[in-house]
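S.K.: In the numbering used here, the protein residues as written are 457 to 526. The structure under discussion is supplied below as structure tokens; questions concerning it will follow.
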């Protein structure tokens, strides 16, 4: 259960819409179903992301480095 900091509504983070954090920290947020405020998930409640085979392979890592640019 997560509580919205704006409206105080408690909701289940598994049923809410999961979105990426926009600040670049790599964290995950969920949208409050009551007001739409982005609530940050605590580290213990974060669903684990399964990495694709492309991201784990040598060529996937090389492509990610090249995408980053200079």
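Each residue gets a CB set at the ideal place from its N, CA and C atoms; glycine is no exception.
Any idea which residues DSSP pairs residue 476 with across the strands?
M.R.: Here residue 476 refers to the residue found at position 20 when the chain shown is read from its first residue. Paired residues: 484.
S.K.: Near residue 406, what residues of its chain come up, given a Cβ to Cβ distance below 6 Å and the 5 sequence neighbours on each side ignored?
M.R.: What is shown of the chain runs 457 to 526, which leaves residue 406 out entirely.
S.K.: Across which residues does DSSP place residue 523 in a beta bridge pair?
M.R.: For the purposes of this step, residue 523 is identified with residue 67 of the chain shown, where counting begins at 1. Looking at the DSSP assignment, residue 523 forms no beta bridge with any residue, so it has no partner.
S.K.: Please identify the residue among 459, 489 and 462 whose C-alpha is closest to the C-alpha of residue 472.
M.R.: Along the chain shown, one-based indexing puts residue 472 at 16. Taking only the C-alpha atoms, the option nearest residue 472 is 489.
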